[in-house]
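Chemist:
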């Protein structure tokens, strides 16, 4: 299968600080990427997505950056709040494939 | 709007017993359906996906099977559970291969 890896398995940030979660992907043919948030005991929820024709996309307090040259994806969370504590997964969809491939996830802990 | 239902939320089963987890989607037709398994502290492993009634693709050899008896119903089964089948099982749907997934709330299965 595809390899979607994350640089840091855990991340702790102070409430109010900005968080950056990184993801490396291996398939240069991937053209669609999604970040999911999974709270304990729940299913992953869609946060934000980006297609390969873009390098940046912003949502509410979240920004996704895509660097296709180095096959790197990042999720930035502004003014991190305790409710942001969760595991974050990146997922890639190769244009030639029929499924998304998920990374191991990064566990984000927000310190009040 | 579309909703996905997955049950039960938790399940404790003895080794060697059968398993049946059910997933249904409402508000859409002909969805792609997926079963994932998530081990503790790990990423999401795709088990099965289905693009239509009676059409099942298996990603990894295992002790489990899947069926799609109706357009919006996806069932995960086992005839005899193993200890290694313990995990968090997630059902998901999408409109197409290149569309994001919407996940159910998951089933925590513990085989004892």
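Chains as they are written, first to last, in our numbering: chain A, 1 to 112; chain B, 1001 to 1112.
Heads up, the beta-carbon is just placed ideally off N, CA and C, and yes, glycines get one too.
#1: Assuming contact is defined by CB atoms lying nearer than 8 Å, are residue 1083/B and residue 1012/B in contact in what I supplied?
#2: Could you give the distance in angstroms between the alpha-carbon of residue 1007/B and the alpha-carbon of residue 69/A?
#3: By DSSP, does residue 75/A sit in helix, in strand, or in coil?
#4: Is it the case that the Cβ atoms of residue 1030/B and residue 1071/B are separated by a distance below 8 Å?
#5: For residue 15/A, count neighbouring Cβ atoms within 10 angstroms of its own Cβ and tell me buried if that reaches 16, exposed if not.
#6: Nearest chain B C-beta to residue 42/A closer than 8 Å, yes or no?
#7: So does the segment 86 to 102 of chain A actually touch the segment 37 to 51 of chain A, counting three or more Cβ pairs closer than 8 Å?
#8: Quick one: grab the DSSP three-state call for residue 1076/B.
#9: Can you grab the Cα-Cα spacing for the pair residue 84/A / residue 1035/B, in whole Å?
#10: Beta carbon of residue 100/A, beta carbon of residue 66/A: below 8 Å?
#11: List the residues of chain A whose Cβ lies closer than 9 Å to the Cβ of residue 1104/B, in chain order.
#12: Classify residue 1110/B: buried if its beta carbon has 16 or more other beta carbons within 10 angstroms, exposed otherwise.
#13: Identify the continuous beta strand (DSSP E) that holds residue 1034/B and give its terminal residues.
#14: Using three-state DSSP, classify residue 26/A as helix, strand or coil.
#15: Go through its chain and collect everything with a Cβ distance to residue 18/A's Cβ below 8 Å, but skip five positions before and after it.
#16: In three-state terms, what does DSSP make of residue 17/A?
#17: State yes or no: is the C-beta of residue 1102/B within less than 8 Å of the C-beta of residue 1092/B?
#18: Could you have a look at residue 1099/B and say whether DSSP puts it in helix, strand or coil?
#19: Using the DSSP secondary-structure output, state which residues sit across from residue 1009/B in a beta bridge.
#20: Could you check what DSSP says for residue 1047/B in three-state terms: helix, strand or coil?
#21: Please confirm if residue 1043/B has its CB atom under 8 Å from at least one CB of chain A.
Modeler: Reading off the structure:
#1: Judged by their CB atoms, residue 1083/B and residue 1012/B are not nearer to each other than the 8 Å cut-off.
#2: Each residue's Cα considered, the two are about 42 Å apart.
#3: The three-state secondary structure of residue 75/A, taken from DSSP, is strand.
#4: Cβ distance < 8 Å, so residue 1030/B and residue 1071/B count as in contact.
#5: The Cβ neighbour count for residue 15/A, taken over all protein chains shown within 10 Å, is under 16; the residue is labelled exposed.
#6: Taking 8 Å as the threshold, the shortest C-beta distance from residue 42/A to chain B falls below it.
#7: With a cut-off of 8 Å on Cβ pairs, the segment 86 to 102 of chain A is in contact with the segment 37 to 51 of chain A, counting three or more such pairs.
#8: Note: residue 1076/B maps to strand in three-state DSSP.
#9: Computed Cα separation, rounded: 26 Å.
#10: No, they are not a contact pair.
#11: Result: 43.
#12: Classified as exposed, residue 1110/B has fewer than 16 neighbouring CB atoms from the shown chains inside 10 Å of its CB.
#13: From DSSP, the beta strand (DSSP E) with residue 1034/B extends over 1032 to 1038.
#14: DSSP places residue 26/A outside both helix and strand once states are collapsed to three, so it counts as coil.
#15: Answer for residue 18/A: 76, 77, 78, 79 and 80, listed in chain order.
#16: Here DSSP, grouped into helix, strand and coil, assigns residue 17/A to coil.
#17: Between residue 1102/B and residue 1092/B, the gap from beta carbon to beta carbon is short of 8 Å.
#18: Three-state DSSP puts residue 1099/B in coil, outside helix and strand.
#19: According to DSSP, which records beta bridges pairwise, residue 1009/B is partnered with nothing at all.
#20: Looking at residue 1047/B - three-state DSSP - the assignment turns out to be strand.
#21: With 8 Å as the cut-off, residue 1043/B counts as an interface residue toward chain A.
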